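Counting from 1, position 101 in the sequence shown corresponds to residue 101 in the UniProt record's numbering; the numbering is continuous, with no gaps. Every residue gets a Cβ at the ideal spot worked out from N, C-alpha and C, and that includes glycine. Because the structure is a prediction, the values reported are computed rather than measured. Structure, as structure tokens:
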Amino acid sequence: MNPSEITRRLEKSNLDNNEPDGNPGFLSRSEITHGEHPLSLGKSSIWNQFFRDSEIMEQIDRDINRTHPDMHFFSGDSTFAKSNREALRNILIVFAKLNPGIRYVQGMNEILAPLFYVYKNDPNEESAASVEADTFFCFVELLSGFRDNFVQQLDNSVVGIRSTITRLSQLLKEHDEELWRHLEMTTKVNPQFYAFRWITLLLTQEFNFADCLFIWDTLLSDPDGPQETLLRICCAMLIIVRKRLLAGDFTSNLKLLQHYPPTNISHLLYVANKLRVHLAG
């Protein structure tokens with residue numbers, strides 16, 4: 001219901017109840033302030049807030065309807081799938097309202113989906129009643145470590161996404177300078193061309209859903225924390241396909257990294273862990 005509809009209903013209620021125009025409960029149209037005008041752009045305007053909320057909800061709805069269309073858990077017309085999509089929507093809307101500095105950023109649905117899936121499939125029936133609440137808590141906790149990647153004003157800061165991508169580049173250089181030099185100096189493949197999606201969406205778009213859950217088990221349980229673990233896994237992804245990258249040019253390498261090939265996840269995580277040992281030594 002928009003602000004105009006609310007106003008009309010309140011005025012009708014006043015007339016039906018034969019309330020005097022001077023009723024202190026509600027404002028008449030003549031008493032509506034500039035900030036309550038539909039064309040007002042003020043930050044405190046209820047209309048401005050309404051339009052912003054509506055825009056965010058529309059974006060959330062579009063993204064949720066595109067979430068894992070290959071999975072009956074999220075997609076389709078079944079009551080089960082619809083209820084799961086509604087739960088995702090509720091969580092993202094509440095998050096956006098409680099975090100005005102970030103609100104909703106496209107792709108957050110992809111980060112939320114694995115968390116909700118795991119909680120929804122918890123065999124403990126007592127946990128079923130709190131699936132949305134538990135998922136919301138973990139979603140907030142997870143994003144707390146990556147929130148700066150979603151704040152556009154921080155993109156060029158020491159904590160923004162570009163700084164994080166630079167750290168990945170430095171990590172590759174420390175571990176495999178030959179590959180780093182070929183990618184960034186010879187073929188001119190800017191790591192932002194592929195690593196932006198890897199990092200901001202926590203690899204959810206690079207692997208199938210089951211493999212993503214496997215990777216997240218390590219990502220969320222590693223004592224070094226998810227941020228450092230994610231960078232090591234991303235670096236390991238480059239190292240695993242180094243032969244193809246060293247033999248490739250700009251076009252082939254960019255295509256390879258933007259459409260990462262199927263790989264053995266156990267081996268990927270082994271290489272990532274070996275990288276930690278290498279750096280520690």
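How would you call residue i, buried or exposed, if buried means at least 16 neighbouring beta carbons within 10 angstroms?
{"i": "Met237", "result": "buried"}
{"i": "Thr96", "result": "According to the sequence displayed, residue 96 carries Ala and not Thr. So Ala96 counts as buried."}
{"i": "Ala87", "result": "buried"}
{"i": "Tyr104", "result": "buried"}
{"i": "Thr186", "result": "exposed"}
{"i": "Gly22", "result": "In this prediction, Gly22 scores a pLDDT of 48, lower than 50, which makes its location untrustworthy; the coordinate-derived value is nonetheless stated afterwards. Under this definition Gly22 is an exposed residue."}
Report the rounded CA-to-CA distance for residue i versus residue j, giving the unit in angstroms.
{"i": "Asn190", "j": "Gln258", "result": "12 Å"}
{"i": "Ile265", "j": "Leu219", "result": "13 Å"}
{"i": "Phe80", "j": "Phe214", "result": "25 Å"}
{"i": "Phe250", "j": "Arg181", "result": "13 Å"}
{"i": "Gly281", "j": "Phe150", "result": "In this predicted model, Gly281 has a pLDDT of only 48, less than 50, meaning its place in the structure is not dependable; the value taken from the coordinates is given anyway. If you take the alpha carbons of Gly281 and Phe150, they lie about 33 Å apart."}
{"i": "Phe73", "j": "Trp216", "result": "19 Å"}
{"i": "Ala133", "j": "Lys274", "result": "37 Å"}
{"i": "Gln205", "j": "Pro114", "result": "12 Å"}
{"i": "Pro69", "j": "Gly76", "result": "8 Å"}
{"i": "Gln166", "j": "Asn124", "result": "Note that residue 166 is Thr in the sequence shown here, rather than Gln. If you take the alpha carbons of Thr166 and Asn124, they lie about 43 Å apart."}
{"i": "Pro100", "j": "Asn109", "result": "17 Å"}
{"i": "Ser54", "j": "Val241", "result": "44 Å"}
{"i": "Pro261", "j": "Arg85", "result": "29 Å"}
{"i": "Pro226", "j": "Gly145", "result": "8 Å"}
{"i": "Asn65", "j": "Glu178", "result": "43 Å"}
{"i": "Glu184", "j": "Ile102", "result": "32 Å"}
{"i": "Leu27", "j": "Asp122", "result": "Bear in mind that a pLDDT of 49 at Leu27, under 50, signals an unreliable position, so the number given afterwards is only what the model happens to contain. Going from the Cα of Leu27 to the Cα of Asp122 covers about 50 Å."}
{"i": "Gly248", "j": "Phe136", "result": "43 Å"}
{"i": "Phe193", "j": "Asn253", "result": "11 Å"}
{"i": "Cys138", "j": "Trp198", "result": "20 Å"}
{"i": "Cys212", "j": "Leu203", "result": "7 Å"}
Mind reading off the beta-carbon distance from residue i to residue j? Whole number of angstroms is fine, and I expect it under 8 Å.
{"i": "Ile93", "j": "Met57", "result": "6 Å"}
{"i": "Ala195", "j": "Ile233", "result": "Contact flag wrong, Cβ pair sits at about 12 Å."}
{"i": "Leu256", "j": "Leu245", "result": "7 Å"}
{"i": "Tyr119", "j": "Val131", "result": "5 Å"}
The alpha helix (DSSP H) spanning residue i covers which residue range?
{"i": "Asp148", "result": "First-last for Asp148: undefined, no H or E at that position."}
{"i": "Asp211", "result": "Phe209 to Ser221"}
{"i": "Tyr260", "result": "From DSSP, Tyr260 is part of no alpha helix (DSSP H); its letter is neither H nor E."}
{"i": "Ile91", "result": "Thr79 to Leu98"}
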